[in-house]
Amino acid sequence: MTVSLYAVADFCLIPVGLPQTSVAREIAEVQRVLEKSGLDGYGTNLEGPWDDVVRVIGECHQAVHDLGCPRIATDVRIGTRTDRSITSGGNDGKVQRVVDILASEKK
Numbered sequence: 001m002t003v004s005l006y007a008v009a010d011f012c013l014i015p016v017g018l019p020q021t022s023v024a025r026e027i028a029e030v031q032r033v034l035e036k037s038g039l040d041g042y043g044t045n046l047e048g049p050w051d052d053v054v055r056v057i058g059e060c061h062q063a064v065h066d067l068g069c070p071r072i073a074t075d076v077r078i079g080t081r082t083d084r085s086i087t088s089g090g091n092d093g094k095v096q097r098v099v100d101i102l103a104s105e106k107k
């Protein structure tokens, strides 16, 4: 099913079942996947077409499994809206609006 919604997603990928306590190597691999994705965002916050966002989260899972991680738990929160068009920078606009409100209150 192809969905043309623009999505803003926040996800937390948690490698489970590794022999060591550090997951730095796995998280670095997630960052590599995100950088290659071409989607907007920062950290594990992504913006883009729904299908692309979900595909990239899946690619992150696969990349961490490829490092030998037997299990992964991921929490995902995705926001969409149809009342106005957002083609990119959805979170940037939200952050700027809050900054503007706080700045106006200081006057």
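Heads up: the sequence shown at position 52 corresponds to 52 in UniProt numbering, and the numbers run straight through without jumps. Glycine is no exception: its CB is placed at the ideal position from the N, C-alpha and C atoms. None of these values were measured; they are calculated from a predicted model.
Taking C-alpha atoms, which residue in D40, K107, T44 lies nearest to Q31? T44
Closest by C-alpha distance to P70, when choosing among Y6, V23, T80: V23
Expected contact under 8 Å - CB spacing of K72 and H65 to nearest Å: The sequence shown places Ile at residue 72, rather than the Lys named in the question. Going by Cβ atoms, the distance from I72 to H65 rounds to 7 Å, so yes, they are a contact pair.
When the Cα of V6 is compared with those of S85, T74, A63, which residue comes out closest? With the sequence shown as reference, residue 6 is identified as Tyr, and Val is not the correct amino acid for it. Nearest of S85, T74, A63 to Y6, Cα basis: S85.
Using a C-beta cutoff of 8 Å, does Y6 count as contacting chain D? This model lacks chain D altogether, as it is built from one protein chain only.
Quick one: Cα of R97 to Cα of Y42, how far? 18 Å
Would you mind working out which of P49, Q20, I101, E59 sits nearest G79, comparing C-alpha positions? P49
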